[in-house]
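All residue numbers for the sequence shown refer to the UniProt record's numbering, where the first residue is 1 and numbers rise by one.
All C-beta atoms in this analysis are idealised placements derived from N, C-alpha and C, irrespective of residue type, glycine included.
First the structure, in the form of structure tokens, and then the observations on it.
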Amino acid sequence: MSVQKITQCSHYELWQAWKERGNVDAKKQLIELYLPIVDFVSNRMAAGLPRSVSKDDLASNGVMGLIDAIEKFDHSRGLQFETYASWRVRGAILDGLRSGDWVPRSVREKAKKIEEAYQHLEQKYLRTVTEEEVSDYLNISGQDFHTMLQDVSVMSLCSLEDPIREEDSEMRISLLVDEKAKNPEFKVNEHYLHQCLVEGIDKLTEKERTVVSLFYYEDLSLSEIAEVMSLSPSRISQLHSKAIMRLRSVLDKHKTMLLES
């Protein structure tokens with residue numbers, strides 16, 4: 001992350017002033033100090049969204065997430081605020097996108113068809129299926145399948161960040177924020193979620209795994225990944241979309257198991 005690290009020691013007095021004495025000026029200073037987190041997250045998320053989505057709107061929602069993080073963060077536990085705040089900011093931006101219904105119904109329907117195709121074919125053959133097999137199942141040409149992937153790429157940002165439960169605004173990834181959490185149910189869920197993701201990632205093609213790794217673990221943009229892999233940005237976007245659709249299918253099965261248990 002290109003955000004300058006802000007240590008808890010250097011600003012501990014601000015946290016004390018805000019949390020222990022309710023000093024509003026200290027809260028304002030904390031917001032200003034951590035604003036680079038909003039810039040980093042909103043700019044990164046904007047890279048995968050249509051041009052019609054305003055960056056200012058993303059940043060505005062992100063600031064609300066940052067304020068929420070500052071209000072809820074427990075500075076006395078010794079946890080890293082930047083990590084906690086990043087997910088709060090990201091969640092607030094996603095909530096804003098969802099409430100705005102920025103994805104057309106036709107795009108959602110295409111994404112659902114692709115997810116169902118991968119789920120059906122991989123359950124049938126018990127292996128990773130090819131693009132040709134998926135396009136044949138959907139009764140479309142390979143070029144039309146690539147076009148569908150390009151159309152649904154704008155949804156890939158949200159697919160791994162769905163709520164733990166439909167009525168809950170907390171994301172699945174939030175389970176990983178507090179490593180000292182003692183709740184056994186959370187620990188069990190975290191374990192099985194990790195296993196499901198490992199299983200899903202293992203089924204991806206080599207190129208799909210590379211894209212996922214570079215995007216989510218190395219913090220590269222899609223255009224930067226395109227340069228690394230010597231592929232066009234549109235092809236990288238397609239690979240990213242395919243990977244997310246398949247991982248989402250795995251997570252949906254995990255979610256169904258949780259609801260039935």
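Item	Value
Can Met-148 and Ile-114 be called in contact, C-beta distance under 8 Å?	yes
For Gly-142, count neighbouring C-beta atoms within 10 Å of its own C-beta (all shown protein chains included) and say buried if the count is 16 or more, exposed if not.	exposed
Please give me, in chain order, every unbroken run of the alpha helix (DSSP H) with length at least 4 that falls completely inside the region 48–96.	55–72
Taking the continuous alpha helix (DSSP H) assigned at Leu-222, which residues delimit it?	222–229
I need the DSSP call for Asn-139, collapsed to helix, strand or coil.	coil
For the putative contact between Val-38 and Leu-66, defined by C-beta atoms under 8 Å, what is the C-beta separation to the nearest angstrom?	5 Å
Give the straight-line distance between the Cα atoms of Lys-235 and Asp-136, rounded to the nearest whole angstrom.	It should be pointed out that residue 235 corresponds to Arg in this sequence rather than to Lys. Rounded to whole angstroms, Arg-235 to Asp-136 spans 20 Å at the Cα level.
Roughly how far, in whole angstroms, is the beta-carbon of Val-250 from the beta-carbon of Leu-197, given that I think they are within contact range, below 8 Å?	7 Å
Can you look up Gly-22 in the DSSP assignment and give me helix, strand or coil?	coil
Where does the unbroken alpha helix (DSSP H) through His-120 begin, and where does it stop?	105–125
Check the C-beta distance from Ile-225 over to Leu-214 and give it rounded, since I have them as a contact under 8 Å.	5 Å
Residue range of the alpha helix (DSSP H) that Val-211 falls in?	206–212
Rank Ser-42, His-11, Pro-36 by C-alpha distance to the C-alpha of Lys-27 and give the top, closest one.	His-11
Among residues of its own chain, excluding the 5 on either side of Met-64, which ones have a beta-carbon nearer than 6 Å to its beta-carbon?	Ala-92
Just to confirm, are Thr-128 and Lys-203 a CB contact at a threshold of 8 Å?	yes
Would you mind giving the Cβ-Cβ distance between Ala-47 and Ser-221, rounded to the nearest angstrom? I have them listed as a contact below 8 Å.	5 Å
What residues in its chain sit with their C-beta under 8 Å from that of Asn-139, if we drop five residues either side in the sequence?	none
Compare the Cα-Cα distances from Ala-85 to each of Gln-150, Asn-61, Ser-99, Glu-133 and report the closest residue.	Asn-61
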